[in-house]
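Q:
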Amino acid sequence: MDFSAQFFIISIGKAKEAIAVFVIIRANHWRLWHSINVISSALWEGFINILNEFKLRYPSYTFDFIEISPNSQPEAIKNNKIDIGICRFADIQNTYPLSTSLLVAENMCLAVSDTHPMSTRKLVNLKELKDEAFVVLNREKSKSTEFILKHCMQADFHANIVYEVIEPQTQLAFVASNQAVAVVPESYANIKWAHIKFIKIAESIPASLCIIYDEQNEQETVDKILEVARGC
Numbered sequence: 001m002d003f004s005a006q007f008f009i010i011s012i013g014k015a016k017e018a019i020a021v022f023v024i025i026r027a028n029h030w031r032l033w034h035s036i037n038v039i040s041s042a043l044w045e046g047f048i049n050i051l052n053e054f055k056l057r058y059p060s061y062t063f064d065f066i067e068i069s070p071n072s073q074p075e076a077i078k079n080n081k082i083d084i085g086i087c088r089f090a091d092i093q094n095t096y097p098l099s100t101s102l103l104v105a106e107n108m109c110l111a112v113s114d115t116h117p118m119s120t121r122k123l124v125n126l127k128e129l130k131d132e133a134f135v136v137l138n139r140e141k142s143k144s145t146e147f148i149l150k151h152c153m154q155a156d157f158h159a160n161i162v163y164e165v166i167e168p169q170t171q172l173a174f175v176a177s178n179q180a181v182a183v184v185p186e187s188y189a190n191i192k193w194a195h196i197k198f199i200k201i202a203e204s205i206p207a208s209l210c211i212i213y214d215e216q217n218e219q220e221t222v223d224k225i226l227e228v229a230r231g232c
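Numbering (the UniProt record's numbering), first residue to last: 1 to 232.
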């Protein structure tokens with residue numbers, strides 16, 4: 001049977017954080033295809049450029065999109081539902097026996113409304129946020145929120161969470177309307193959000209994009225992705 005034709009996976013489910021699935025097929029081989037789940041905010045960080053460059057270097061590969069949450073990626077890999085996951089640094093903690101690799105390094109920053117008293121600041125200390133209202137992402141979908149809260153506790157305060165939302169866009173909508181502040185990946189600033197200012201946080205809170213995978217099956221594919229990412 002000729003497997004050189006393109007193969008597509010149909011989108012299923014309604015996961016609350018939009019996730020891209022990178023479905024790869026190597027032409028003229030027996031069912032050598034790979035599915036890669038990518039958190040939607042990774043596309044704001046230029047991951048789409050990595051996908052485009054990957055396609056140029058490896059034209060026999062193709063991709064499509066479905067949805068799954070970051071917290072679901074490790075189990076989906078173990079159950080052979082996906083091959084590789086792209087998620088934030090917090091989501092690769094305690095994922096043994098799966099392997100992880102750094103894809104794009106970045107830290108968290110503070111997002112505030114352009115009418116917020118801190119909006120003109122270039123740098124803030126985490127402890128300065130002890131009296132602020134926070135909007136965070138749903139803790140059942142990603143570990144990033146708990147990771148941020150732990151850093152707040154290390155700064156001697158418990159974050160006052162007033163909103164817990166599903167989508168990053170919803171999170172930033174609350175910020176734009178000055179209902180709350182948010183600690184978010186720096187790459188969120190790559191998109192021009194109306195009425196939002198992004199401020200560097202003095203403390204380092206990792207928000208890097210990482211790859212999670214089973215090295216026994218996917219090391220070759222991961223090496224190719226990392227090779228492409230280094231050149232982008």
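Every residue gets a Cβ at the ideal spot worked out from N, C-alpha and C, and that includes glycine.
Which first and last residues belong to the alpha helix (DSSP H) in which Ala173 is found?
A: 168–176
Q: What residue range is occupied by the uninterrupted alpha helix (DSSP H) comprising Arg57?
A: 47–57
Q: Identify the residues that DSSP records as bridge partners of Asn160: which are they?
A: Ala133
Q: By how many angstroms is the C-alpha of His158 removed from the C-alpha of Val21?
A: For Val21, the predicted structure reports a pLDDT of 39, less than 50, and the residue's modelled location is therefore unreliable. A value from the coordinates is still provided. Approximately 36 Å, taken between the alpha carbons.
Q: May I have the straight-line CA-CA distance separating Ser11 from Asp131, to the nearest angstrom?
A: Below a pLDDT of 50, predicted positions are generally treated as unreliable, and Ser11, at 29, falls in that range; no measurement from the model is reported.
Q: Using only alpha-carbon positions, find the residue among Ile50, Phe89, Leu98, Arg88 that is nearest to Asn79.
A: Comparing Cα positions, the closest option is Leu98.
Q: If we require 3 or more residues per run, which beta strand (DSSP E) segments fall completely within the region 73–139?
A: 84–88, 99–104, 108–113, 133–137
Q: Out of Tyr96, Ser60, Glu106, Asn160, state which residue places its alpha-carbon closest to the alpha-carbon of Ser208.
A: Glu106
Q: Kindly give me the distance between the Cβ atoms of Cys109 and Phe198, rounded to whole angstroms, as I take these residues to be in contact under 8 Å.
A: With a Cβ gap of about 5 Å, Cys109 and Phe198 count as contacting.
Q: Using 8 Å as the threshold, is the C-beta distance between Ala155 and Glu203 below it?
A: yes
Q: Starting from Ile225, trace the alpha helix (DSSP H) in both directions and tell me its first and last residue.
A: 215–231
Q: Identify every residue that forms a DSSP beta bridge with Lys200.
A: Cys109, Leu123
Q: Secondary structure at Ala189, three-state DSSP: helix, strand or coil?
A: helix
Q: By DSSP's criteria, Ile211 is part of a beta bridge. Which residues make up the other side?
A: Ile86, Ser101
Q: Give the straight-line distance between the Cα atoms of Val175 and Ile196, rounded to the nearest whole angstrom.
A: 7 Å
Q: If we ignore side chains and look at the alpha-carbon of each, how far apart do Glu218 and Lys127 end up?
A: 42 Å
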